[in-house]
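Asks:
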Amino acid sequence: MPQPLLDIRDLNIAFNTARGPIRPVRDVSMSIFPGQTLAVVGESGCGKSVTALSVLRLIPTPPGEYLGGQILFEGRDLLKLPERDMRSVRGRDIAMIFQEPMTSLNPVYTIGDQIAEAVILHQKVGTKKAYKIVEESLCDVGIADPHRRLGEYPHQLSGGMRQRVMIAMALSCKPKLLIADEPTTALDVTIQAQILELLRKLQKENGMAVMLITHDLGVVAENADTVAVMYASRVVEYAKVEDLFDRPQHPYTEGLFRSIPKLGSGVDRLDTISGTVPNPAKFPAGCKFHPRCVRMNGDAKCATVEPVVREVEPRHWAACHHAAGYENAAGTTPVLDYKRQVTLDVLDAAGGVM
Amino acid sequence: MSDLAVGQALPTGAPPVPDRPLVARSWLAGVVLRTVGQISARVGLVWIGTIAFCAVFAPLLASSYPILLRVDNKWSSPLAAHLTAVDWTLLAAVPVVGVLLLLKSLSFARRFGIFLSITLALLTILLLTLDPKRTNVYDQFRALDTTGRVQSIWRTPIPYSPSDRLRDQFDAARPHPWAPSRDHWMGTEINGGDILSNMIHGCRIAMSVGFISTGIALVIGIFVGAMMGYFAGVVDLVGMRLVEIFSAIPRIYLLLAFVAFYDRNIYIIMAIIGVTGWVGDARFVRAEFLKLRNLDFVHAAIAAGLPLRSVLFRHILPNALAPLLVSASFGVAGAILAESTLSFLGLGLIDEPSWGRLLDQARAGGGGFHWWLATFPGIAIFLTVLAYNLIGESLRDALDPKLSGGQ
């Protein structure tokens, strides 16, 4: 049975701010198998970026603090690794691309110098060889005339080009896992499609796993194998992508789908989820979604007891008192053991990518 | 639809715009170019260039020793025999800089490293091997000239060394200092030394005090500021208290105390000026690091697994250099002023020619005031400090996006 490449178990993170601690990540669990794509979806501030950053231990401590949980990468707990070992994981085993291509390249170095530094460090090659590798990886991401681009500065490139350079930089050391934090948010739609297509192609070629942070459900439907929906620092729904789109179990996920415009439906106004995202400093008691929920209907339980994630139907987890089958799932095995099977199913369906 | 509308090429007499090759230029290089583009910066740089030229070529410009001498059909170079290791290194550095400027393929940092290693190696070798003549019989060549044995002689433009007391021209009726005359364009100082010669050789102190003490200040300031800005929290708290303690130390009193108790050593003076001058630099670096450490490219550098050293000094520091350039150019001016002040108070170096020491003598000569001893070094100090300030101002303007875009 294949082991998950990355297994986040009950991760808890706090930020100690001047106005008291806030908890951007609570009891978050998710796992990614080799060659698979996990999409993490949610509104701004729901904790998805913090979860991604914590995998590479990029959360500054202080003010950040890891309260508990494990981040297992190939069986090793990344949270317990000494800084020196962590540095060899970063860049070589796990790479990351950031949301804003305009600011994620260092303005004072040429493209070639920037990528070559990491290549020299991780692959233990000389400068000449490193530049050759850089040129190849620029070629891989579809940059025309890579030799000339090597000597150019970031401000000479367009946004789409810079994001391609970021991807080339992340992939130059052939990582096993790529964390893409909203890689297409800052790009226009045609470039978005190109970048996602490129990521898919490179993922297939290298057998790399991808953790895709996004708030774009279209991107999720196109790219993901498994989806984790996050709301107010918790995972509220976790399922295979088809199951989630066919039968969303959590009212927040339903609300997200309702707010997508449909071709030819003839409605003037889009549905919205009423209310606003709660402030992390003062989350409501009980279910954090209840002030905005359409299912609640004055149920006192929603306002007092916070639901945990349960398997409400086979291989489909949700945290809602009103989800069908939620009460019956009370005694089920913890979520983690089942998650493996979810991804295994996806693997089977894909004809065995591994 | 008219016929003109379809398929008719627009008449145009202008030739097509030729493709210009894009020159890759870093942001910092752009700032430097914008700075040099300003008139005030050019004026400043011309003056600093003149000072630097005088500092490097001082022995060739002003010396009592002839450059070439032919006596009894034998050629000799008394000047070369008296040049010290420092003189030779400075002269050798000029062709090294020239060659390195032509090697465009190497990066600036690498060229700077090559320059430093070559000159330091040369200096060490020369210091160990070279033993210049120490007997300073300055008047012998003027005496030789009058005997008629000299077949040809090539003197420096100003034929006086700074410490040549002109003993052969002693005249009890005309005590030194002499006012400017045809022989001594800026007059002489109270011991009889030629002032122009002293001024030229004094450029060395002015240049080296400015650059070395600012260099010391920059190294300390960058290190402390980087630590405070990057780690923040407790490190920042402790660092800021350190900054406050050091900014409470009065520089001139510390210099006076050290000079009173220890040797009058130029390196101690440089070190003290540096150690008391880093606080401003540290504040600038801290502020920049606080801002930059949260930017995506810093996260990207960490996420690429680069070691802390590289993240701090390769990725953040070059982006934080801009305000430092401004503060460094003002720092150089401040250091020159501090040294001049010390020399003016009579606590500077004893044997080395220095502008401040000449200033001091303007009022020391028996109660009178010797205008030439005040004017020439005073103008030199004023112009040098002004030049550094002009460069600093131009850098600040070049760095200000609101100004650089509007002009």
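So the protein sequences, as listed, match chains A and B. Each number in my numbering comes from the position in the first sequence (counting from 1) with 145 added on. Each number in my numbering comes from the position in the second sequence (counting from 1) with 6 added on. Backbone N, C-alpha and C fix where the C-beta goes; we use that ideal spot for every residue, glycine too.
1. Just the chain A side, please: which residues come within less than 8 Å of residue 303 (chain B) by C-beta, in chain order?
2. Are the C-beta atoms of residue 228 (chain B) and some chain A residue less than 8 Å apart?
3. Nearest to residue 129 (chain B) by alpha carbon, out of B:116, B:168, B:95?
4. Exposed or buried, what is residue 269 (chain A) when buried is set at 16 or more other beta-carbons lying within 10 Å of its beta-carbon?
5. Let's see if you can read the secondary structure: which residues bound the alpha helix (DSSP H) around residue 274 (chain A)?
6. Can you confirm whether the region 318 to 326 of chain A touches the region 348 to 358 of chain A when touching is taken to mean that 3 or more C-beta pairs between the two stretches lie within less than 8 Å?
7. With DSSP as the reference, identify every bridge partner of residue 75 (chain B), one or two as the case may be.
8. Taking all protein chains shown into account, do 16 or more other C-beta atoms lie within 10 angstroms of the C-beta of residue 478 (chain A), making it buried, or fewer, making it exposed?
9. I'd like to know whether the C-beta atoms of residue 68 (chain B) and residue 202 (chain B) end up nearer to each other than 8 Å.
10. Residues in the same chain with beta-carbon distance under 8 Å from residue 390 (chain A), minus the five sequence neighbours each way, listed in chain order, please.
11. Short of 8 Å in beta carbon distance, which residues of its chain neighbour residue 125 (chain B), apart from the five on each side in sequence? Order them along the chain.
12. Determine, using beta-carbon pairs with one atom in the region 248 to 267 of chain B and one in the region 193 to 208 of chain B, whether at least three such pairs fall under 8 Å.
13. Would DSSP call residue 149 (chain A) helix, strand or coil?
14. Looking at residue 391 (chain B) and residue 342 (chain B), is the spacing between their C-beta atoms short of 8 Å?
15. Check residue 189 (chain B) in the structure and name its three-state DSSP category.
16. Can you name, in chain order, every residue of its own chain whose Cβ lies under 6 Å from the Cβ of residue 136 (chain B), other than the five neighbours on each side?
17. Looking at residue 181 (chain A): is its Cβ nearer than 8 Å to the Cβ of residue 370 (chain A)?
18. Quick one: which chain B residues come within Cβ less than 7 Å of residue 207 (chain A)?
19. Is the beta carbon of residue 349 (chain B) closer than 8 Å to that of residue 363 (chain B)?
20. Could you pull out every residue in the same chain whose Cβ sits closer than 8 Å to the Cβ of residue 386 (chain A), ignoring the five residues on either side in sequence?
21. Span of the beta strand (DSSP E) holding residue 383 (chain A)?
22. Quick one: which chain B residues come within Cβ less than 7 Å of residue 160 (chain A)?
23. Give the range of the alpha helix (DSSP H) segment to which residue 316 (chain A) is assigned.
24. Tell me whether residue 424 (chain A) is buried or exposed, calling it buried when 16 or more other Cβ atoms sit within 10 Å of its Cβ.
25. Could you check whether residue 404 (chain A) and residue 500 (chain A) sit closer than 8 Å to each other, using their CB atoms as the reference points?
26. Can you tell me whether residue 387 (chain B) is buried or exposed? The criterion is at least 16 other CB atoms within 10 Å of its CB, across all chains shown.
27. So the alpha helix (DSSP H) residue 196 (chain A) belongs to, where does it begin and stop?
28. Check this for me: beta carbons of residue 281 (chain B) and residue 222 (chain B), under 8 Å apart or not?
29. Does the separation of the CB atoms of residue 199 (chain A) and residue 170 (chain A) fall below 8 Å?
30. Taking C-beta pairs closer than 9 Å, name the residues in chain B that residue 243 (chain A) reaches, listed in chain order.
31. When the distance is taken between beta carbons, is residue 161 (chain B) closer than 8 Å to residue 73 (chain B)?
32. Within a Cβ cutoff of 6 Å, which residues of the same chain sit near residue 252 (chain B), ignoring the five residues on either side of it in sequence?
33. Would a check of beta-carbon distances place residue 266 (chain A) closer than 8 Å to chain B?
34. Taking CB distances under 8 Å as the criterion, tell me whether residue 313 (chain B) reaches chain A.
35. With H, G and I counted as helix, E and B as strand and the rest as coil, what does DSSP make of residue 299 (chain B)?
36. Could you confirm whether any beta carbon from chain A is found closer than 8 Å to the beta carbon of residue 256 (chain B)?
Replies: In terms of the structure at hand:
1. Counted from its first residue, the second sequence places residue 303 (chain B) at position 297. Listed along chain A, the residues sitting closer than 8 Å to residue 303 (chain B) by beta-carbon distance are 248, 249, 250, 251, 252.
2. Walking along the second sequence from the start, residue 228 (chain B) turns up at place 222. Interface flag for residue 228 (chain B) against chain A is unset, since no Cβ pair is found closer than 8 Å.
3. Taking the second sequence and counting its residues from 1, one reaches residue 129 (chain B) at position 123. Comparing Cα-Cα distances from residue 129 (chain B) to each of B:116, B:168, B:95, the minimum goes to B:95.
4. Indexing the first sequence from 1 puts residue 269 (chain A) at position 124. Exposed: under 16 other Cβ atoms inside 10 Å.
5. As a first step, residue 274 (chain A) is located in the first sequence; it is residue number 129 there, counting from the start. Secondary structure note for residue 274 (chain A): its alpha helix (DSSP H) is the uninterrupted segment 272 to 285.
6. The count of Cβ pairs closer than 8 Å, one atom from the region 348 to 358 of chain A and one from the region 318 to 326 of chain A, reaches three, so the stretches are in contact.
7. Here residue 75 (chain B) is taken as the residue at index 69 of the second sequence, counted from 1. Checking the DSSP bridge columns, you'll see residue 75 (chain B) partnered with B:82, B:159.
8. Taking the first residue of the first sequence as position 1, residue 478 (chain A) is located at position 333. Confidence is the limiting factor: at residue 478 (chain A) the pLDDT is only 48, short of 50, which leaves the residue's position unreliable, though a coordinate-based value still follows. Burial is judged here by how many other beta carbons sit within 10 angstroms of a residue's own beta carbon; residue 478 (chain A) has fewer than 16 and is exposed.
9. As a position in the second sequence, residue 68 (chain B) is number 62, starting the count at 1. As a position in the second sequence, residue 202 (chain B) is number 196, starting the count at 1. The answer is yes: Cβ separation under 8 Å.
10. Translated into positions along the first sequence, residue 390 (chain A) becomes position 245. Scanning its chain for C-beta atoms nearer than 8 Å, with the 5 sequence neighbours on each side dropped, one finds around residue 390 (chain A) the residues 366, 402, in chain order.
11. Indexing the second sequence from 1 puts residue 125 (chain B) at position 119. The beta carbon of residue 125 (chain B) lies closer than 8 Å to those of 95, 98, 99, 102 in the same chain, with the five residues before and after it left out.
12. No: the two stretches stay apart, fewer than three of their Cβ pairs being nearer than 8 Å.
13. Counted from its first residue, the first sequence places residue 149 (chain A) at position 4. It is coil, neither helix nor strand.
14. As a first step, residue 342 (chain B) must be located in the second sequence, where it is residue number 336. As a first step, residue 391 (chain B) must be located in the second sequence, where it is residue number 385. Against a cut-off of 8 Å, the Cβ pair of residue 391 (chain B) and residue 342 (chain B) comes out as a contact.
15. Looking up residue 189 (chain B) in the second sequence gives position 183. In this structure, DSSP gives residue 189 (chain B) a state outside helix and strand, which the three-state scheme calls coil.
16. Position 130 of the second sequence, counting from 1, holds the residue named residue 136 (chain B). Only 91 meet the Cβ criterion.
17. For the purposes of this step, residue 181 (chain A) is taken as the residue at position 36 of the first sequence. For the purposes of this step, residue 370 (chain A) is taken as the residue at position 225 of the first sequence. Yes, the Cβ-Cβ distance between residue 181 (chain A) and residue 370 (chain A) is below 8 Å.
18. Translated into positions along the first sequence, residue 207 (chain A) becomes position 62. Under the 7 Å cutoff, chain B gives 239.
19. Taking the second sequence and counting its residues from 1, the one referred to as residue 363 (chain B) is at position 357. Taking the second sequence and counting its residues from 1, the one referred to as residue 349 (chain B) is at position 343. Going by C-beta atoms, residue 363 (chain B) is nearer than 8 Å to residue 349 (chain B).
20. As a working note, residue 386 (chain A) is residue 241 in the first sequence. The beta carbon of residue 386 (chain A) lies closer than 8 Å to those of 184, 365, 366, 369, 370, 371, 372 in the same chain, with the five residues before and after it left out.
21. To locate residue 383 (chain A), count along the first sequence from 1; it is residue 238. It spans 379 to 385 - the beta strand (DSSP E) in which residue 383 (chain A) sits, taken as one unbroken run.
22. Looking up residue 160 (chain A) in the first sequence gives position 15. Per Cβ cutoff of 7 Å: no residues; residue 160 (chain A) is ~13 Å from chain B at best.
23. Counting from one through the first sequence, the residue named residue 316 (chain A) turns up at place 171. 304 to 316 is the span of the alpha helix (DSSP H), which, as asked, contains residue 316 (chain A).
24. The residue labelled residue 424 (chain A) in the question sits at position 279 within the first sequence. Flag for residue 424 (chain A) reads exposed.
25. Since the first residue shown for chain A is 146 and the last is 499, residue 500 (chain A) is missing from the structure and cannot be characterised.
26. Here the question's residue 387 (chain B) lines up with position 381 in the second sequence. A buried status is given to residue 387 (chain B), since no fewer than 16 other beta-carbon atoms sit within 10 Å of its beta-carbon.
27. Your numbering for residue 196 (chain A) matches position 51 in the first sequence. Counting along the chain, the alpha helix (DSSP H) containing residue 196 (chain A) begins and ends at 193 to 200.
28. For the purposes of this step, residue 281 (chain B) is taken as the residue at position 275 of the second sequence. For the purposes of this step, residue 222 (chain B) is taken as the residue at position 216 of the second sequence. Residue 281 (chain B) places its beta carbon less than 8 Å from that of residue 222 (chain B).
29. Working through the first sequence from its first residue, we reach residue 199 (chain A) at position 54. Working through the first sequence from its first residue, we reach residue 170 (chain A) at position 25. Between residue 199 (chain A) and residue 170 (chain A), the C-beta spacing is below 8 Å.
30. Residue mapping note: residue 243 (chain A) aligns to position 98 of the first sequence, counting from 1. Those within 9 Å of residue 243 (chain A) in chain B are 302, 303, 305, 306, 309.
31. Here the question's residue 73 (chain B) lines up with position 67 in the second sequence. Here the question's residue 161 (chain B) lines up with position 155 in the second sequence. Yes, they are a contact pair.
32. Counted from its first residue, the second sequence places residue 252 (chain B) at position 246. Taken in chain order, the residues that qualify are 285.
33. If you number the first sequence from 1, residue 266 (chain A) lands on position 121. Interface residue, yes.
34. Position 307 of the second sequence, counting from 1, holds the residue named residue 313 (chain B). Judged by the 8 Å Cβ criterion, residue 313 (chain B) is in contact with chain A.
35. Sequence index remark: in the second sequence, residue 299 (chain B) carries index 293 (1-based). If DSSP states are grouped into helix, strand and coil, residue 299 (chain B) belongs with coil.
36. Position 250 of the second sequence, counting from 1, holds the residue named residue 256 (chain B). No, residue 256 (chain B) lies away from the interface with chain A (no Cβ there is under 8 Å from its Cβ).
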